[in-house]
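As structure tokens, the structure follows; a few thoughts come after it.
2 protein chains.
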Amino acid sequence: MKRIAVIGSGLIGRAWSIVFARAKHHVYLFDNQNSAAEKAIGQIEQGLSDLKQYGLIEESPSVVLKRIHACKSMEQAVSQADYVQENTSENLDIKQKVFSDLDLYAPSDCILASSTSTIQTSLFSENLEGRHRCLVAHPVNPPHIVPIVEISPAPWTDSTTIERTYELHKSVGQVPILVKKEVPGFILNRLQAALLQEAWRLVDEDYVSVEDLDKTVKDGLGLRWAFMGPFETIDLNAPGGVADYAARFGSAYAEMMSNVQHPTWEGSLVKKIEGQRRNILPFSRHSEKELWRDRKLMELIAHKRDKHPSD
Amino acid sequence: MKRIAVIGSGLIGRAWSIVFARAKHHVYLFDNQNSAAEKAIGQIEQGLSDLKQYGLIEESPSVVLKRIHACKSMEQAVSQADYVQENTSENLDIKQKVFSDLDLYAPSDCILASSTSTIQTSLFSENLEGRHRCLVAHPVNPPHIVPIVEISPAPWTDSTTIERTYELHKSVGQVPILVKKEVPGFILNRLQAALLQEAWRLVDEDYVSVEDLDKTVKDGLGLRWAFMGPFETIDLNAPGGVADYAARFGSAYAEMMSNVQHPTWEGSLVKKIEGQRRNILPFSRHSEKELWRDRKLMELIAHKRDKHPSD
Chain A
818 MKRIAVIGSG
828 LIGRAWSIVF
838 ARAKHHVYLF
848 DNQNSAAEKA
858 IGQIEQGLSD
868 LKQYGLIEES
878 PSVVLKRIHA
888 CKSMEQAVSQ
898 ADYVQENTSE
908 NLDIKQKVFS
918 DLDLYAPSDC
928 ILASSTSTIQ
938 TSLFSENLEG
948 RHRCLVAHPV
958 NPPHIVPIVE
968 ISPAPWTDST
978 TIERTYELHK
988 SVGQVPILVK
998 KEVPGFILNR
1008 LQAALLQEAW
1018 RLVDEDYVSV
1028 EDLDKTVKDG
1038 LGLRWAFMGP
1048 FETIDLNAPG
1058 GVADYAARFG
1068 SAYAEMMSNV
1078 QHPTWEGSLV
1088 KKIEGQRRNI
1098 LPFSRHSEKE
1108 LWRDRKLMEL
1118 IAHKRDKHPS
1128 D
Chain B
818 MKRIAVIGSG
828 LIGRAWSIVF
838 ARAKHHVYLF
848 DNQNSAAEKA
858 IGQIEQGLSD
868 LKQYGLIEES
878 PSVVLKRIHA
888 CKSMEQAVSQ
898 ADYVQENTSE
908 NLDIKQKVFS
918 DLDLYAPSDC
928 ILASSTSTIQ
938 TSLFSENLEG
948 RHRCLVAHPV
958 NPPHIVPIVE
968 ISPAPWTDST
978 TIERTYELHK
988 SVGQVPILVK
998 KEVPGFILNR
1008 LQAALLQEAW
1018 RLVDEDYVSV
1028 EDLDKTVKDG
1038 LGLRWAFMGP
1048 FETIDLNAPG
1058 GVADYAARFG
1068 SAYAEMMSNV
1078 QHPTWEGSLV
1088 KKIEGQRRNI
1098 LPFSRHSEKE
1108 LWRDRKLMEL
1118 IAHKRDKHPS
1128 D
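Just so you know, the sequences run in chain order A and B. Residue numbers 818 to 1128, in the working numbering, belong to the letters of the first sequence in order. Residue numbers 818 to 1128, in the working numbering, belong to the letters of the second sequence in order.
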């Protein structure tokens, strides 16, 4: 079993601690805020109980929890680590300082991975001696429920680092994918941005309400996308596969999206969308609904595992 | 119970027959190809058996099937109908001729709805006496499994027609949404087009493989979108809701997508994507995989109903 250091004990750091500990690795959790890591242990226990309830861990929460250790210093957390998963603020100066420290304290063959969603590996690793062992392993919140991990190396990240990170995430039950070249937003947020920009425009130009647009996805498009990707979807939607689909619909889709101007997300448009959302979900129920979302995700993951063990 | 005429007995027409018949309406099915409607009855029986297996109909298939009647002529099918769901070829001349006939044969208060995904209501209804009772009710394939229905009226469709169509689809268990103004692709295919265009570009420019992009959706983005729309998703992803999300990420998303050139779906790019898909799924398994998709959809719908009766 490996020794995994998790740096930062916020939502993402706690979720990663669960991911690695339930796969029987030992987790060394550090947070530079005084006693934050110790406090995080209690929240992690709650997360493990929730997973247990949905059949998503086999051991008891207390057994898994015993493999998670709160550390007093970064040095203590990483000095014997095989792999570091960093989860500090989305701020380049902070990332550079943290990775500089990690490069100093971690053993020379330890991989240094960041959970960042906005900062490219090349920006926080360029001047480090150990820059060949740095990369991004970007999760979707929360990673102990949603399995995708986007692995995005810098041009100088060595192939062993990439392969070992890929294999580690695969072995703990996550679904790693490789972002071959650095690109803002990686893959997932670029796809989300493309769809969202059109969604905002359709509401801005009053073609549809916020509620109806959401239904179009959750009772239509999103049902397929919960178990097939967009390419698999269109491949199966034409008798001759994706080439046939492109021949049938490619020009119509291109025409549909040509000359489309996407509005900026500000001013009256934000008020319009925010207003419609608050009619559907008052702020008083916002955090309750976040818990609902996580339960729904756990139920869906349990359903996918149960019904389709081979997927 | 209402009398529903279904015109065209292809995949969509057969699926609509199931939708209305399982909701206890009588369905009158016509196809201008000789004996096609009679043959369709057998295929519909298979569809009903599949639904029964997943607990998605309560009655036995044979009981539901008794409410579906193959008709010898369009006149016979529609002469006493309350609602017509048309499913002929995606060709404007054909749609215009069919709707002209429907307007002639159907009772004056009967609604005339088309399943078209590409032809606006105003184009096939403009010159009809009964154009006020025409609209599009666009399903996603197959509508007896996927519940979304996009209702897209012409400027001259009267509000009673829109409301009655909305209520009918809601009452049979579909999820109707209103497209307030005509727009190519309606809502669902525009959202799909936006995401697909970025997906094709990311593969074209070699940021990611087809398989990894699909994983990004089915093991990431698509899990949420199976039970939440994109607005609900971002509303719950920022403590202050969608306005907070816009303030945090709006400019990053806009920047991410600015100056992006989307390639046309042709030539070597089609070969690249088709080639990667055929490595994953050889053509010999293509139709088997279509059945797999429909089973997965039925399982997912059954899961959603079972776990979340209030949704």
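For glycine and all other residues, C-beta sits at the position ideal for the given N, C-alpha and C. In this text the structure is predicted, and so the values were computed from the model without any measurement.
Should residue i be labelled buried (16 or more other beta-carbon atoms within 10 Å of its own) or exposed?
i	result
B:L1038	buried
A:L1013	buried
B:M1115	buried
B:E980	exposed
B:D1163	No answer is possible for residue 1163 of chain B: it lies beyond the span of chain B, which begins at 818 and ends at 1128.
A:M1045	buried
B:Q1078	exposed
B:L921	exposed
B:P1099	exposed
A:M891	buried
B:L929	buried
B:D1128	With a pLDDT of only 44 at B:D1128, under the threshold of 50, the placement of this residue in the model should not be trusted; the figure read from the coordinates follows. Result: exposed.
B:K811	The displayed coordinates of chain B run from 818 to 1128. Any statement about residue 811 of chain B would go beyond what the structure contains.
A:S1026	buried
A:T974	buried
B:D1023	exposed
B:R1007	buried
A:P1056	exposed
A:K883	exposed
B:P1126	Here the model assigns B:P1126 a pLDDT of 40, short of 50, so the residue's position is not dependable and the matter cannot be decided.
B:H1120	buried
What is the DSSP secondary structure of residue i, reduced to helix, strand or coil?
i	result
A:E984	helix
A:F847	strand
B:A898	coil
A:S976	helix
B:E943	coil
A:V915	helix
B:I1097	helix
A:D1128	The predicted model places A:D1128 with a pLDDT of 44, which falls under 50 and marks its position as unreliable; any figure quoted below should be read in that light. Coil, per DSSP.
Below 9 Å between beta carbons: does that hold for residue i and residue j?
i	j	result
A:H842	A:V989	yes
A:E1015	A:Q1093	no
B:P834	B:V844	Reading the sequence as shown, one finds Ser at residue 834 of chain B and not Pro. Yes, they are a contact pair.
A:S932	A:A954	yes
B:Q850	B:S826	yes
A:L760	B:E943	An answer regarding residue 760 of chain A cannot be provided, because it is not within the stretch 818 to 1128 covered by chain A.
B:I994	A:T1033	yes
A:Q860	A:R839	no
B:F847	B:K889	yes
A:D918	B:P1047	no
A:I829	A:P970	no
A:P956	A:V963	yes
A:L952	A:A1043	no
A:E903	A:I965	no
B:T978	B:H949	yes
B:G1058	A:R1095	yes
B:L1019	B:K819	no
A:E907	B:A1063	no
B:E1049	A:K987	no
Residue i versus chain C: which residues are under 8 Å apart at the beta carbon?
i	result
A:W833	Protein chains in the displayed structure are A and B, and chain C is not among them.
Just grab the DSSP bridge partners of residue i for me.
i	result
B:V966	B:P956, B:P993
A:Q1060	It is worth fixing the name first, because residue 1060 of chain A is Ala in this sequence and not Gln. For A:A1060, which the question treats as bridged, DSSP gives no partner whatsoever.
A:C888	The partner list for A:C888 (beta bridge, DSSP) is empty, contrary to what the question assumes.
B:C927	Bridge partners of B:C927: none, in fact.
A:I821	A:V844, A:Y900
Quick test of the definition: if touching needs 3 or more C-beta pairs under 8 Å, does the region 1076-1093 of chain B touch the region 925-941 of chain B? no
Examine the Cβ distances between the region 990-1010 of chain A and the region 914-934 of chain B and report whether three or more of them are shorter than 8 Å. no
Could you say if the region 1033-1052 of chain A and the region 1068-1083 of chain B meet the contact criterion of at least three C-beta pairs nearer than 8 Å? no
Stretch-stretch touch, CB-based, cutoff 8 Å, three pairs: the region 889-908 of chain A with the region 859-873 of chain A: no
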